[in-house]
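The UniProt record's numbering numbers the first residue of the sequence shown as 1 and each following residue consecutively. For every residue, glycine included, the Cβ atom is placed at its ideal position computed from N, Cα and C.
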Amino acid sequence: MSEREVAFEKARALGDEDKADEALSVLSSYTTDPEVTLSLSEMEVLNTIITEKLTSCSFEDKKEACNVCIGVLENFKPVKDSQWLILYTESIYETFSRMSRCARDEERQLVWNRLKEIMYELTLASKKAWKEKNDPERLSIYVSFAKLCKSYLDVADQESFQICDNTAKEAKLAGKGTLDDDQWREANQSIEQIRKIISDALHERELLDDSE
Numbered sequence: 001m002s003e004r005e006v007a008f009e010k011a012r013a014l015g016d017e018d019k020a021d022e023a024l025s026v027l028s029s030y031t032t033d034p035e036v037t038l039s040l041s042e043m044e045v046l047n048t049i050i051t052e053k054l055t056s057c058s059f060e061d062k063k064e065a066c067n068v069c070i071g072v073l074e075n076f077k078p079v080k081d082s083q084w085l086i087l088y089t090e091s092i093y094e095t096f097s098r099m100s101r102c103a104r105d106e107e108r109q110l111v112w113n114r115l116k117e118i119m120y121e122l123t124l125a126s127k128k129a130w131k132e133k134n135d136p137e138r139l140s141i142y143v144s145f146a147k148l149c150k151s152y153l154d155v156a157d158q159e160s161f162q163i164c165d166n167t168a169k170e171a172k173l174a175g176k177g178t179l180d181d182d183q184w185r186e187a188n189q190s191i192e193q194i195r196k197i198i199s200d201a202l203h204e205r206e207l208l209d210d211s212e
């Protein structure tokens, strides 16, 4: 095994032992260098460790844990592989959704700006990983994006809301295409979910603006 393989195996074992901080420390040379690209199996390890880091800390330490995970996640340029992107999206959603409950006032805008940069790269990669606009896996990326827009509705930009809504409309317009019945059903559920989340978020933001 290479030094890199040994490091990820050790990190996996530490993660299984609920030692997320030690696991991240072992992987630091691979998670702090923007030039490093993680394989699918390596992303699986990192995804597990991030989940452990976020779920094992106390409420008082939640913000710090989120900041650590954000620092790791924003170092990666998304790989144009569907399963890799799904795992990456899971980690992004888990991290930033928790951060939305910790961040306050002007800090929320800074967090949102970091999230938007990550999602910009992620959505670009998703267009290359999934060629069909109605692909249910591709749409799942935008379900997460829409949920995060709603979580940060007080600071999220209009363009991000529009990206999610337009993606849902384009998928609906594409129709069933080559999808089988189950895939089309799943795609339709995601389409409706995205549109509802965005609609609800914009309505809530109007109420928020009116109250100020």
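CB of residue i within 8 Å of CB of residue j, strictly
i           : j           : result
residue 78  : residue 121 : yes
residue 112 : residue 155 : yes
residue 7   : residue 38  : no
residue 198 : residue 157 : no
residue 190 : residue 139 : yes
residue 123 : residue 50  : no
residue 100 : residue 47  : no
residue 106 : residue 153 : no
residue 110 : residue 72  : no
Member of the options whose CA lies at the smallest distance from the CA of residue i
i           : options             : result
residue 145 : 163, 30 and 41      : 163
residue 12  : 42, 208, 82 and 103 : 42
residue 102 : 151, 196 and 48     : 151
residue 173 : 209, 201 and 135    : 135
residue 167 : 50, 205 and 126     : 126
Limits of the unbroken alpha helix (DSSP H) element including residue i
i           : result
residue 255 : Past the edges of the chain, shown from 1 to 212, lies residue 255, and the structure says nothing about it.
residue 195 : 181-211
residue 65  : 62-73
residue 16  : 3-16
Cutoff 7 Å; reference residue i; Cβ partners in own chain excluding five residues on either side
i           : result
residue 57  : 65
residue 36  : 30
residue 170 : 133
residue 184 : 176
Chain-order list of residues whose beta-carbon lies under 8 Å from that of residue i (same chain, five-residue window excluded)
i          : result
residue 74 : 114, 117 and 118
residue 21 : 53
residue 97 : 147, 148 and 151
residue 89 : 122, 140, 141 and 144
Check: residue i C-beta below 7 Å from any heavy atom of the ligand MN
i         : result
residue 8 : The ligand MN is absent from the structure shown, which contains no ligands of any kind.
Sequence-distant residues of its chain with Cβ nearer than 6 Å to residue i (five each side left out)
i           : result
residue 108 : 155
Quick one: complete alpha helix (DSSP H) runs, 4+ long, within the segment 131-176? Those alpha helix (DSSP H) runs which fall completely within the segment 131-176 and span 4+ residues are 136-151 and 158-174.
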